[in-house]
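Colleague: Got a structure here, written out as structure tokens. Questions coming.
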Amino acid sequence: MLIVKKFGGTSVGDKERIFNVARRCAEEYRKGNDIIVVLSAMGKTTDELIAKAYEINPNPPKRELDMLLTTGEQVSVALMAMAFDTMDVPSVSLNAFQVAMHTTRIHGNARLKRIDSDRIMHELEHRRIVIVTGFQGINKYDNYTTLGRGGSDTTAVALAAALHADACEIYTDVDGVYTADPRYVPKARKLEEITYDEMLDLATLGAGVLHNRSVEMAKKYGVQLVVRSSLNDHEGTIVKEETNVERMLISGVALDRNTARISVIGLKDEPGMAFKLFNLLARANINVDVILQSIGRENTKDISFTVSRDEADAAVEILKENMSRIGGKNISCNREVAKVSIVGAGMMSNPGVAAKMFEALYNQNININMISTSEIRVTVLIHEKDAERAANAVHDAFGLEE
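If you count the sequence shown from 1, position 235 lands on 250 in our numbering, and the numbers rise without skipping.
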């Protein structure tokens with residue numbers, strides 16, 4: 016069997032945890048399996064590198080920031096190879112250049128295009144464990160790129176897809192995918208299975224257990240994922256196309272504080288205005304989530320939408336620079352907001368799910384600012400101070416507790 020194993024930063028945060036991972040992988044290797052290990056940077060290394068960058072330059076060039084951040088994963092894979100060596104287990108560490116993981120040219124949020132598998136296959140044929148840097152790639156200019164926070168998950172899934180691996184295992188510091196983040200919702204329970212679509216929405220809406228693009232890629236290429244803890248041997252959560260367990264009304268509650276609401280007031284109430292506004296943001300690679308447009312009045316309309324907080328300043332600047340083009344009268348930005356979402360394929364065939372969510376928030380006297388829905392998701396924008404209370408209230412309302 017060919018198994019891809021990805022370990023997050025907390026799983027390789029110190030010497031003891033590095034050797035813990037090495038022992039787990041060595042056990043699989045000694046059973047005769049081929050092993051590819053994908054690693055994140057140790058502990059809080061990425062955060063520390065970002066802080067150092069901003070100490071030197073408040074607006075660091077994105078190319079140089081990627082050049083800096085990719086060093087974190089290179090430290091992890093080299094140390095892991097050294098750990099395997101002490102155990103007499105043959106291994107080799109490879110970075111994005113050595114594997115040749117080709118990405119789009121965008122720094123900070125690149126997308127994988129293709130992986131050259133020759134080097135990895137050569138090493139596997141010589142019975143070595145291959146340890147690959149997650150989170151990074153190279154663009155057509157031979158510059159390092161990074162895949163966005165959590166991008167090591169995507170690296171692992173891409174390798175599993177490209178090499179037709181028999182299994183892809185994502186190891187974290189939690190036992191699997193929970194009905195909500197246990198740090199905020201103490202009654203959250205672990206799910207045995209979840210569909211790609213449900214996991215994709217949860218990941219996109221703030222559930223940090225998996226990178227959303229990794230789920231998107233897994234669904235596209237049919238890579239079945241298992242999310243489990245690196246700290247114990249408990250069964251994890253299987254992420255796949257269809258689940259065998261009884262369909263619950265909803266599968267989980269997601270909370271996302273990394274959001275800001277931008278409002279553009281006084282746009283002309285005429286065709287094409289929404290296109291002009293959002294095309295400006297799209298060209299700057301700024302992702303927009305919840306959108307609300309007011310009913311036109313006095314030949315004007317207002318449009319509000321959400322972006323991640325780290326893109327809010329850039330979004331406001333772009334819109335202000337183009338006010339004459341889009342014709343708005345005023346732009347405001349509110350960062351004291353949070354998104355709370357419910358996700359579940361079961362809501363497709365059950366009316367009244369949204370009403371039940373709104374009732375739970377009403378009972379807690381929590382005001383809703385914006386609402387967005389899909390077939391399997393309902394998202395509300397609320398004040399940040401109410402975020403945890405809202406997540407717990409909704410979680411209890413749908414009976415998701417243990």
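Virtual Cβ for every residue (Gly too), placed ideally from N, Cα, C.
Please name the residue, chosen from 129, 143 and 58, that lies closest to residue 154 on a Cα-to-Cα basis.
Modeller: By 1-based counting over the sequence shown, the position of residue 154 is 139. The candidate whose alpha carbon is nearest that of residue 154 is 129.
Colleague: Quick one, which of 184, 60 and 324 has its alpha-carbon nearest residue 89's?
Modeller: Here residue 89 refers to the residue found at position 74 of the sequence shown. Residue 60 is the option with its Cα nearest to residue 89.
Colleague: Using 8 Å for Cβ pairs, my map puts residue 149 next to residue 21. What's the rounded Cβ distance?
Modeller: Here the question's residue 149 lines up with position 134 in the sequence shown. Here the question's residue 21 lines up with position 6 in the sequence shown. With 8 Å as the limit, residue 149 and residue 21 qualify as a contact, their Cβ atoms being about 7 Å apart.
Colleague: Ignore the nearest five residues each way along the sequence and tell me which others in residue 190's own chain have a CB closer than 6 Å to its CB.
Modeller: Stepping through the sequence shown from its first residue, residue 190 is reached at position 175. Cβ within range, chain order: 205, 244 and 249.
Colleague: Taking all protein chains shown into account, decide if residue 141 is buried (16 or more other Cβ within 10 angstroms of its Cβ) or exposed.
Modeller: Locating residue 141 in the sequence shown gives position 126, where the first residue counts as 1. Flag for residue 141 reads exposed.
Colleague: Tell me, which residues are paired with residue 255 by DSSP?
Modeller: Taking the sequence shown and counting its residues from 1, the one referred to as residue 255 is at position 240. DSSP output for residue 255 lists 210 as bridge partner(s).
Colleague: Does the separation of the CB atoms of residue 221 and residue 354 fall below 8 Å?
Modeller: Translated into the one-based positions of the sequence shown, residue 221 becomes position 206. Translated into the one-based positions of the sequence shown, residue 354 becomes position 339. It is a contact, given that the beta carbons lie within the stated cut-off.
Colleague: Could you check if residue 377 is buried or exposed, using at least 16 other CB atoms within 10 Å of its CB as the buried criterion?
Modeller: Within the sequence shown, numbered from 1, the residue matching residue 377 stands at position 362. That one is exposed.
Colleague: Going by the CB atoms, is the gap between residue 357 and residue 393 shorter than 8 Å?
Modeller: Locating residue 393 in the sequence shown gives position 378, where the first residue counts as 1. Locating residue 357 in the sequence shown gives position 342, where the first residue counts as 1. Contact: yes.
Colleague: Here's a check: name, in chain order, each residue in its chain whose Cβ is nearer than 7 Å to the Cβ of residue 274, leaving out the five neighbours to either side.
Modeller: Reading the sequence shown from its first residue, position 259 is the one you call residue 274. Contacts found: 321, 323, 324, 352, 353 and 354.
Colleague: Could you spell out where the alpha helix (DSSP H) holding residue 42 opens and where it closes?
Modeller: Taking the first residue of the sequence shown as position 1, residue 42 is located at position 27. Residue 42 -> alpha helix (DSSP H) spans 30-45.
Colleague: Measure the alpha-carbon distance for residue 55 versus residue 27 and round it to whole angstroms.
Modeller: On the sequence shown, residue 55 is found 40 positions in, with the first residue counted as 1. On the sequence shown, residue 27 is found 12 positions in, with the first residue counted as 1. The alpha-carbon atoms of residue 55 and residue 27 are separated by roughly 8 Å.
Colleague: Classify residue 113 as helix, strand or coil using the three-state DSSP reduction.
Modeller: Locating residue 113 in the sequence shown gives position 98, counting from the first residue. Note: residue 113 maps to helix in three-state DSSP.
Colleague: If you scan the stretch 230-300 from start to end, which runs of the beta strand (DSSP E) of 3 or more residues do you find wholly inside it?
Modeller: Correct list: 240-244, 252-255, 267-271 and 275-283.
Colleague: If we count Cβ pairs, one from each stretch, closer than 8 Å, do we get three or more for the stretch 385-392 versus the stretch 328-342?
Modeller: No, they do not touch.
Colleague: Tell me the DSSP secondary structure of residue 413 in three-state form.
Modeller: Working through the sequence shown from its first residue, we reach residue 413 at position 398. Residue 413 falls in the coil class under three-state DSSP.
Colleague: Residue 226: buried (16+ other C-beta within 10 angstroms of its C-beta) or exposed?
Modeller: Indexing the sequence shown from 1 puts residue 226 at position 211. Under this definition residue 226 is a buried residue.
Colleague: Just the Cα atoms here: how many angstroms apart are residue 404 and residue 379?
Modeller: Within the sequence shown, the letter at position 389 stands for residue 404. Within the sequence shown, the letter at position 364 stands for residue 379. Approximately 8 Å between the Cα atoms of the pair.
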